[in-house]
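Colleague: Quick one: structure below, then a few questions.
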Amino acid sequence: MSVYPFDKEQLRNLRGRTILITGAASGIGRAAAQIAHGHGANLVLGDLDVDEGNKLVNELQGYHRRSTMLCTKSSTYLTPLPNSPVLFRKTDISKWDDVLSLFEAGVKEFGIIHSVLANAGINKEDLLAEDLDANRRLLPPNLGSIDVNLVGTAYTVKSAVHFFSKWPETKCQIVLTASAASYLDTPPLYLYCAAKMGVLGLMRGLRSQLVKQNITINIVAPWMTSKDFQSWLVEETQVKCSSNFHSILVTNMVPPSVVTLWGDLPANQPWGVAHAILLPLLQPEINGKAFFVAGHRIIELEDKLIETQPLWMGEQLSSDIAEGQRRLTT
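Residues 154 to 483 (this note's numbering) make up the sequence shown, in order.
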């Protein structure tokens, strides 16, 4: 197990860089936008929720020093710099034209995009529902989860690589928001699980190729995560931890039934996952990694899977597979 510490001092390296974030109006994407902009990054933000997107823009362009509640200590984000503008566009990432237009608008505004955080996603589905038409025939499943979580992510990656190729001397980063469902069974979110496994597969397929173009690609796989980042921003205060801090956080964020089931297991707030998403931007040598986030600990999974491959695949087959992969990817 490789635990990656997050060095907040490195956030200063975001100053002057342009970051495109999808799913930016709430949750993890919003947290990433707030942190990055607070340290001087230019932002290109896309989301379907125009009201929340515009609220975020107004907040970023004029908010004061704030404190964010952390589990062990407070962390004050910097006042955004006057020369750190924000661009927001309504974006449905399941629509190619929306995604491409977001990138075009960002490049037109800033001239360059350094990093892309493909964060937009949904988890509403009911694959096995017995939905019938007027003739009592079974209706097809709603594939929205696939369209947004996998197809939309592919659209975002394709657009990113296209524009990154216009400045080949600049090292650029793509970070995909996957999920614990990329590795774990997640009933009844069957299509969500399939889509997020697909995001993992997309990263694996691209990691040996994009690096040749001065582009890194990584994923973040959050475990249980609360959604309402705004409720953890506290004006002009520093909030100390209490013995029931964890339970208060989780209770306010998810249904009581889930809180009961979850108990004292590690849970994330969006700022913790946002740290993991920003990590590959702060350490641009990182490539092809999968950062599992649980209780704000950032744990890399892919290296150990590769290292232990002979154990679960068998030494001879593992050796043959490694040679086959070398021949195919070089």
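Just so you know, even glycine gets a beta-carbon here, dropped at the ideal spot from N, CA and C.
Can at least three beta-carbon pairs, one atom from the segment 273-282 and one from the segment 433-453, be found at a separation below 8 Å?
Modeller: They do not touch, by the three-pair rule.
Colleague: Kindly indicate the opening and closing residues of the alpha helix (DSSP H) around Q326.
Modeller: From DSSP, Q326 is part of no alpha helix (DSSP H) but of the beta strand (DSSP E) over 325-330.
Colleague: Counting only the same chain and skipping the five closest in sequence on each side, list residues whose C-beta sits under 6 Å from that of T378.
Modeller: If we look at T378 and ignore the five residues flanking it on each side, its Cβ neighbours are N421, V426.
Colleague: Apart from the five residues just before and just after Q462, which ones in its own chain have a Cβ nearer than 6 Å to its Cβ?
Modeller: Here the set comprises S471.
Colleague: Relative to the C-alpha of A178, which candidate in L213, T171, Q163, S335 has its C-alpha closest?
Modeller: Answer by Cα proximity: L213.
Colleague: Please classify S298: is it buried, with 16 or more other beta-carbons within 10 angstroms of its beta-carbon, or exposed?
Modeller: Buried, by the Cβ-count rule.
Colleague: Output the residue ranges of the beta strand (DSSP E) runs that lie fully inside the segment 255-289 and measure 3 residues or longer, sorted by chain position.
Modeller: Complete beta strand (DSSP E) runs here, min 3: 268-271.
Colleague: Does any C-beta atom of chain B lie closer than 7 Å to the C-beta of T413?
Modeller: The question asks about chain B, but that chain is absent: this structure has only one protein chain.
Colleague: Would you call S318 buried or exposed, if buried means 16 or more other Cβ atoms sit within 10 Å of its Cβ?
Modeller: It counts as exposed.
Colleague: Buried or exposed, going by whether 16 or more other CB atoms sit within 10 Å of the CB of E388?
Modeller: Note that E388 scores a pLDDT of 27, beneath 50, so its modelled location is shaky; the value from the coordinates is reported in the next line. The residue in question, E388, is exposed, as its Cβ has fewer than 16 Cβ neighbours within 10 Å.
Colleague: Should E455 be labelled buried (16 or more other beta-carbon atoms within 10 Å of its own) or exposed?
Modeller: It is buried - the Cβ of E455 has at least 16 other Cβ atoms within 10 Å.
Colleague: With a threshold of 16 other CB atoms inside 10 Å of the CB of K261, please say whether the residue is buried or exposed.
Modeller: Under this definition K261 is an exposed residue.
Colleague: Our contact map puts I370 next to I181 with C-beta atoms below 8 Å; I'd like the distance itself, whole angstroms only.
Modeller: At roughly 18 Å, the Cβ-Cβ gap does not stay under 8 Å, so I370 and I181 are not in contact.
Colleague: How far does the beta strand (DSSP E) with E455 in it extend, from its first residue to its last?
Modeller: No beta strand (DSSP E) contains E455, which is instead part of the alpha helix (DSSP H) from 455-460.
Colleague: Is R168 helix, strand or coil when you go by DSSP?
Modeller: Coil, per DSSP.
Colleague: Checking the sheet assignment: what are the DSSP bridge partners for A447?
Modeller: Beta-bridge pairing links A447 to R450.
Colleague: How about L329: is its Cβ closer than 6 Å to a heavy atom in the ligand ZN?
Modeller: Absence of the ligand ZN is noted for the structure shown, with no ligands found whatsoever.
Colleague: Only counting the same chain, and skipping five residues up and downstream in sequence, which positions put a Cβ closer than 8 Å to that of H190?
Modeller: Excluding residues within five positions, the ones whose Cβ falls inside 8 Å are L196, L213, P233, S237, V239.
Colleague: To the nearest angstrom, report how far apart T483 and S312 are at their CA atoms.
Modeller: Approximately 24 Å, taken between the alpha carbons.
Colleague: Which term fits H315, buried or exposed, when burial requires 16 or more other beta carbons within 10 angstroms of its beta carbon?
Modeller: When all chains shown are included, H315 counts as exposed.
Colleague: Counting only the same chain and skipping the five closest in sequence on each side, list residues whose C-beta sits under 6 Å from that of A184.
Modeller: F382, P423, W424, A427.
Colleague: Please return the same chain residues whose Cβ sits closer than 6 Å to the Cβ of L164, not counting the five positions on each side in sequence.
Modeller: Once the five neighbours on either side are set aside, the close Cβ partners of L164 are H192.
Colleague: Counting C-beta neighbours from all protein chains within 10 Å, is the total for N302 16 or more, i.e. buried, or is it exposed?
Modeller: So N302 ends up on the buried side.
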